[in-house]
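Residue numbering for the sequence shown follows my numbering, beginning at 298 and increasing consecutively.
For glycine and all other residues, C-beta sits at the position ideal for the given N, C-alpha and C.
On a predicted model such as this, the values are computed, not experimentally measured, just so you know.
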Amino acid sequence: MEMYSVGFFSKLFGLDKEQKTIEVEPVEYEGYLIYPEPISEGGQFRIAGRICKEIDGEVKTHTFIRSDLLGSRQDAETFMLNKRKCS
Numbered sequence: 298m299e300m301y302s303v304g305f306f307s308k309l310f311g312l313d314k315e316q317k318t319i320e321v322e323p324v325e326y327e328g329y330l331i332y333p334e335p336i337s338e339g340g341q342f343r344i345a346g347r348i349c350k351e352i353d354g355e356v357k358t359h360t361f362i363r364s365d366l367l368g369s370r371q372d373a374e375t376f377m378l379n380k381r382k383c384s
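Written out as structure tokens, the structure reads:
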């Protein structure tokens, strides 16, 4: 019987915790800093990110993940940035 490491199964099932960290440049909008941070999922990208604003010397952050999946990282980032105009 052949033995496999937990790392092998993690990679096989997409559970690899070592994902690349991507530096995101925020987009400023009406005093808020918007960080689009799409999540790669099954060959698509889930719309996600952070919205930050300094209030009384403290940075407040709202993190969110939407159910929407799009075909590319760029599409997910663009959708998030365009959505700010509607909210």
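- Under DSSP, Phe-342 forms a beta bridge with Ser-337 and Leu-367.
- A buried status is given to Gly-346, since no fewer than 16 other beta-carbon atoms sit within 10 Å of its beta-carbon.
- Note: Val-324 is bridge-paired with Ile-331 in the DSSP secondary-structure output.
- When beta bridges are read from the DSSP output, Lys-357 appears opposite Lys-350.
- By the 16-neighbour rule on beta-carbons within 10 angstroms, Phe-342 is buried.
- In this structure, the alpha-carbon of Asp-353 lies about 26 Å from that of Lys-380.
- With fewer than 16 other Cβ atoms inside 10 Å of its own Cβ, Ile-362 counts as exposed.
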